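Residue numbers (the working numbering): 58 to 181.
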């Protein structure tokens with residue numbers, strides 16, 4: 058799952074994942090992503106922007122981590138903000154930060170590290 062209010066980044070990451078053999082669900086904010094989680098099979102990984110309307114990345118991760126069916130899904134934050142300025146989640150599913158602008162191969166390496174391709178419902 059990829060969550061970002063910047064549609065260009067959302068499309069770029071979706072294409073990257075698709076071209077690398079992964080399926081992805083996309084959402085433009087944390088609230089919409091939570092609705093998708095209720096309706097779709099659980100993803101193997103979530104990449105989420107930090108600064109978004111309605112429900113920011115921190116709030117989204119805390120909500121995901123509080124639900125038993127999602128608490129083990131690894132989550133990585135994407136951000137253009139200074140890392141020292143962010144309130145970071147303490148939940149065990151939070152795996153790290155990818156600083157924007159990012160290199161596509163860096164994102165792909167992290168996706169591969171945190172997931173395995175699953176025939177039923179792959180990674181992001």
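No residue lacks a Cβ here, since even glycine has one placed at the ideal position from N, Cα and C. Here the structure is a predicted model, which is why all the values come from computation and not from measurement.
Rounded C-alpha distance that separates residue i from residue j
i	j	result
residue 102	residue 93	14 Å
residue 111	residue 62	10 Å
residue 223	residue 109	Nothing can be reported for residue 223, as the shown portion of the chain is limited to 58 through 181.
residue 100	residue 165	16 Å
residue 46	residue 161	Here the chain has residues from 58 to 181 only, and residue 46 is not among them.
Exposed unless 16 or more other CB atoms sit within 10 angstroms - verdict on residue i
i	result
residue 177	In this prediction, residue 177 scores a pLDDT of 44, lower than 50, which makes its location untrustworthy; no coordinate-derived value is stated.
residue 83	buried
residue 149	exposed
residue 179	For residue 179, the predicted model reports a pLDDT of 47, less than 50, meaning its position is unreliable and no value from the coordinates is stated.
residue 87	buried
residue 105	buried
Extent of the continuous alpha helix (DSSP H) to which residue i belongs
i	result
residue 114	114-122
residue 96	87-96
residue 67	64-76
C-beta atoms of residue i and residue j nearer than 8 Å
i	j	result
residue 122	residue 146	yes
residue 130	residue 114	no
residue 107	residue 138	yes
Endpoints, beta strand (DSSP E) assigned at residue i
i	result
residue 163	Note, residue 163: premise wrong, no beta strand (DSSP E); alpha helix (DSSP H) at 161-171.
residue 156	151-156
residue 142	Here residue 142 belongs to no beta strand (DSSP E), and DSSP marks it neither H nor E.
Residues sharing a beta bridge with residue i, DSSP
i	result
residue 84	60
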